[in-house]
């Protein structure tokens, strides 16, 4: 319990201390949201809002993980997914900034980039993390083994939750 509270406190301090500085740094560099003229009028207020905030979120989450967490395969799978998703988001924001337009990576490219990421994460979880391919189904004692279909099933879940 003490490790959990310590990790939470470290994440909070990183967010509260580094957050405002990071936002000011992004603002000084002109790294802000570009809004399409064809977009809704209500989005115009977002013009210039700093982007790439996911970097701060990842740092605030991963620093306590590396300091306090017991490293297990399932926790490393989560770290791999977080870092990979963060890399996709960073590339999206970077492309938007370089083009000076709000259109970064297309949705199709983001999904295609997630395929190998989720594939590696699911393989690690199945091979080394004690995860099996059976789903718990009411009234089915042994569960429903979806075998190889676990890969696309996991992809749909992970992609769905990360793009919700």
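In the working numbering, the protein residues as written are 91 to 254. We put the beta carbon where it would ideally sit given N, CA and C, even for glycine.
{"Asked": "Per DSSP, cross-strand counterpart(s) of residue 230", "Found": "227"}
{"Asked": "Span of the alpha helix (DSSP H), counted from its first residue to its last, around residue 98", "Found": "92-103"}
{"Asked": "Contact under 7 Å by Cβ, residue 186 with residue 176", "Found": "no"}
{"Asked": "Terminal residues of the alpha helix (DSSP H) in which residue 170 lies", "Found": "163-189"}
{"Asked": "Rounded C-alpha distance that separates residue 204 from residue 171", "Found": "9 Å"}
{"Asked": "Identity of the residues DSSP links to residue 235 by a beta bridge", "Found": "224"}
{"Asked": "Residue 150 and residue 179 closer than 7 Å at C-beta", "Found": "no"}
{"Asked": "Whole-Å CB distance - residue 100 paired with residue 153, under 8 Å assumed", "Found": "6 Å"}
{"Asked": "Rounded C-alpha distance that separates residue 95 from residue 159", "Found": "12 Å"}
{"Asked": "Distance between residue 213 and residue 235 (C-alpha atoms, nearest Å)", "Found": "16 Å"}
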